[in-house]
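Heads up: the sequence lines are chains A and B, in that order. The numbering of the first sequence is the working numbering, which starts it at 1 and goes up by one. The numbering of the second sequence is the working numbering, which starts it at 1001 and goes up by one. Glycine included, every Cβ here is placed at the ideal spot set by N, Cα and C. Below you'll find the structure, written out as structure tokens, and then a few comments.
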Amino acid sequence: TLTLKQSFALLESLRTCWSEEVFIFTCSDKFFRLSLQLLSRYSTWLSSHLVAKNACSSDSSSNSERAINKPVEDFIYVMHDVGFLVAELSGDYLEHVLCRLLESCSSEVLDLVRRGFLQAIRSLTDYLPILKDRMVEGISERSVEDLKQLKGISATYRMTSKLPVRHSPYVSAILRPLKTFLDDERVAYLSKELKNELLHSIAERITSRYHEMASDVVNLARKTESSLLRLRQGAQRRAGASSDAMDSNISDTDKICMLLFLDIQEYGRNLAIFGIQASHITAFRSLWQLVAPEDRQAQISF
Amino acid sequence: NIGVYFSLRFQEIAGALDSSLADANITLV
């Protein structure tokens, strides 16, 4: 069944148009046009109030502004209703209109009405990928808050000669928003396929952000280390000392990569709890190549 | 008069939908 007041009103209006109490055959063309207008109005509502991501308004209480601040989980209802409406309208509803009310019309007219209806109904499905993207983006952004702790790694390993032995605490939190989302009661309105699609898309987006942020940390560590090395070598040359002792130490970048390697292995194990194989995610493979030691580069296993 | 009849029906049917769509909030049935 439908979940939203607006979707329910659309279906009721469309049904009223072609109900035996209201419909008059001599006004068929007008009722057909009215039906298309009703679908168009609902479509505009979806577009302007739910999908208008970049709506700009100086009035903070405008509808668009409020729509943007809605929890993305609410889009589950919209996705569910759009799917239901498309199935219902292109099935039983269209059959009722064509086979019962307009059965005396020529096949050419029936074909035109059928195509007109189907085009209007299917245009609703154009919103599904946009709604899905908004949900993926909204939920994965919640994980970015925990990923920001990555920035603290550099400072930690620049101050110590200790080698990392276990993963960082932030790793356990990265997928928590995904878990919260999947545990939400609204998810019951998603089909198994759509739920799975969202799960994989969110995991891919989070991993992609993880890769971006880890790359920034490693690149910055390399740059800093390279600058420090040049400074040290300059100082040693001036003092006439050998640089051998310095070169034999494990660098800060190595330590950071060692920790990140432990982190992404734990992250990969956490992904597996959701039924996601980390090695199937392109960004995870890039992340692995970024931080894995030479002898572990070839195969992703943890 | 069929024209008047349809006009009234139009207002009734489209009006009912429009009043629902005027609400930007996601409202459960």
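In this structure Ala203 (chain A) touches Ile276 (chain A) by the C-beta definition: roughly 5 Å separates them, less than 8 Å.
What Leu1028 (chain B) touches in chain A, judged by beta-carbon distance under 9 Å, is Thr3, Leu4, Lys5 and Tyr77, going in chain order. Of all alpha-carbon atoms in A:Thr44, A:Ile250, A:Leu220 and A:Ala221, the one lying nearest the alpha-carbon of Ala120 (chain A) is that of A:Thr44. Proximity of chain B to Phe8 (chain A) at the Cβ level (cut-off 9 Å) is accounted for by Ser1020 and Val1029, in chain order. Contact between Thr3 (chain A) and His80 (chain A) is confirmed by a C-beta separation of about 6 Å, below the 8 Å threshold. Per DSSP, the beta bridge partners of Leu1028 (chain B) are A:Leu4.
Scanning the segment 170-254 of chain A for uninterrupted alpha helix (DSSP H) segments of 4 residues or longer gives 171-174, 176-183, 192-239 and 244-247, listed from N- to C-terminal end. Those residues of the segment 187-198 of chain A placed with their C-beta closer than 9 Å to a C-beta in chain B do not exist. Across the segment 248-260 of chain A, no CB contact with chain B closer than 8 Å is found for any residue. In this structure, DSSP gives Ala292 (chain A) a state outside helix and strand, which the three-state scheme calls coil. In its chain, beyond the 5 residues on either side, Ile139 have a beta carbon closer than 6 Å to the beta carbon of Phe181 (chain A).
As the crow flies, the alpha-carbon of Arg222 (chain A) is around 33 Å from that of Ile273 (chain A). Setting aside the 5 residues that flank it on each side, Phe31 (chain A) is surrounded in the same chain by Cys17, Trp18 and Phe23, each with a C-beta closer than 7 Å to its C-beta; the list follows chain order.
DSSP assignment within the segment 79-137 of chain A yields the following whole alpha helix (DSSP H) runs of 4 residues or more, N-terminal first: 107-123. Assignment of Ala1022 (chain B) by DSSP, reduced to helix, strand and coil, places it in the coil class. Contact annotation for Trp45 (chain A) against chain B: Leu1021 [CB-CB distance below 7 Å, chain order].
Of all residues in the segment 125-142 of chain A, none has a C-beta nearer than 9 Å to a C-beta of chain B. Any Cβ of chain B closer than 7 Å to the Cβ of Leu34 (chain A) would place that residue at the interface, and such an atom is present. Residues are counted here when their Cβ sits less than 8 Å from a Cβ of chain B; for the segment 106-119 of chain A the count is zero. Our two residues, Glu212 (chain A) and Glu185 (chain A), have alpha carbons roughly 32 Å apart in a direct line. His280 (chain A) is classed as exposed because its beta carbon has fewer than 16 other beta carbons within 10 Å across all chains shown. Not flagged as an interface residue toward chain B: Cys99 (chain A), since no C-beta distance is shorter than 7 Å.
Around the beta carbon of Gln233 (chain A), a 10 Å sphere encloses fewer than 16 other beta carbons of the protein chains shown; the residue is thus reported as exposed.
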